[in-house]
Amino acid sequence: MKIPNHIKMGAHKINVSVSQGNIEGFGSYSDCYNLIKIESDVDYQESNTAQIFLREIIEAIKFKYALSIDQPNLIVLSEVLFQILVDNKLNFGKGFIFPESIKVGAHKIDVELVLPRNITGSGSYNNYYNLIRIEKDFDSQESNMAEVFLHEIIECVKLKYELSIDHPHLTVLSEILFQVFRDNKLNFGKCLV
Ligand SMILES: [Zn+2]
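Going by the working numbering, the sequence shown opens with residue 61, and the numbers climb by one from there.
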C-alpha cells in the first residue's frame, strides 16, 4: 500500500514522513508537530513499513484522545490488527462488505448479521464461540455497522491477547480509527505480504 503524505484525524492534518535513518525504533509520532515519521530504505519490507504506519496512527489517536493504553499493549494491538486487515483484505472504505468469517491469528471468527430483536446493543463478540454478531435492520446505516464491526474486531483482539484497555477507551479508539481509515481511504488489506 502507498503511504500517504498526510492523513486527516478529526479536524487535524497529520503529516507523514517516510525517510531513512532519522528515527529510533522505526517509527515515531510527535503530537506537537502532528507528525508521523516512518523509517524506510530500499531493503525495508513493505509489511514492516505499513505495520509501523498503523502503529503510529494508533499512537496519534492515543495522544489526541488521551487513551490509556500502554506501549506493550499498543504494539500487540497494532500487530494483530494489521494481520487481520491484511489476511482478510478488509477495506473500511464506503460500502463495506461484511465477510462471513475472518482469520484472527490461527482462529476462524464467524461474522453474523442479526435482527435487533436477536441482540442486545449494536454488536457483540463471544470469545467462546469465536463469533462476532452485528445488528442489522432495513434502515441500519452502513457506516454504523462497519464501525461496530471494527469495534468488535478490537474486542476480539483484546480478549484473545488479554490486552488491558477499558471499554470507553476502546470505543473511542474504534470510532477514530474508523474515521481515519474511511476519510483517508486507507486500505491495509492491499498490503503485499
Ligand atoms: Zn464493546
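The C-beta atom is built at its ideal place from N, Cα and C for all residues, glycine as well. Note that the structure is a prediction, hence the values are computed from the model and not measured.
Give the C-beta separation of residue i and residue j to the nearest angstrom, bearing in mind that I take them to be a contact with Cβ-Cβ under 8 Å.
i, j, result
"I144", "L134", "Contact flag wrong, Cβ pair sits at about 16 Å."
"M69", "A126", "In fact, because the Cβ distance is near 14 Å, the residues do not count as touching under 8 Å."
"V140", "V240", "Not quite, the Cβ-Cβ distance comes to about 18 Å (not below 8 Å), so this is no contact."
"L219", "N190", "With a Cβ gap of about 10 Å, L219 and N190 do not count as contacting."
"K250", "M61", "5 Å"
"I179", "Y185", "The pair is not a contact, with the Cβ atoms about 12 Å apart (cut-off 8 Å)."
"F156", "E215", "The pair is not a contact, with the Cβ atoms about 18 Å apart (cut-off 8 Å)."
"E106", "Y89", "Contact flag wrong, Cβ pair sits at about 20 Å."
"F238", "L114", "Not really, about 13 Å apart at Cβ, beyond 8 Å."
Residues in its own chain within less than 8 Å of residue i by CB, not counting five upstream and five downstream?
i, result
"F86", "I98, E99, N108 and I112"
"H66", "K73, I74, N75 and V76"
"G181", "E195"
"D199", "none"
"H167", "N190 and K220"
What I want to know is whether the C-beta of residue i ends up closer than 7 Å to one or more non-hydrogen atoms of ligand 3.
i, result
"E215", "Absent from the structure shown: ligand 3. Ligands present: ligand 1."
In or out: residue i buried (at least 16 other Cβ within 10 Å) or exposed?
i, result
"E195", "buried"
"K154", "exposed"
"Y93", "exposed"
"S128", "exposed"
"A110", "buried"
"G81", "exposed"
"G165", "exposed"
Sorted by chain position, which residues of the same chain lie with C-beta nearer than 6 Å to residue i's C-beta, five sequence neighbours on each side aside?
i, result
"F123", "D91"
"S224", "N133"
"F142", "Q111 and L114"
"S138", "L114, R115 and I118"
"V78", "I63, I98 and S100"
Might you give, ordered along the chain, the residues of its own chain that have their beta carbon closer than 7 Å to the beta carbon of residue i, omitting 5 neighbours on each side?
i, result
"P176", "E195 and D197"
"V232", "Y125 and L127"
"H229", "L127, S128 and I129"
Can you list the beta strand (DSSP E) stretches of 3 or more residues lying completely in the region 164-230, in chain order?
167-174, 183-186 and 191-195
Mind the definition here: the region 207-220 touches the region 164-173 only if three or more C-beta pairs lie below 8 Å; say whether that holds.
yes
For the 8 Å Cβ check, are there 3 or more pairs between the region 143-159 and the region 125-134?
no
Report the residue ranges of all beta strand (DSSP E) runs contained in full by the region 64-102; include only those spanning at least 3 residues, in chain order.
66-69, 72-79, 87-90 and 95-99
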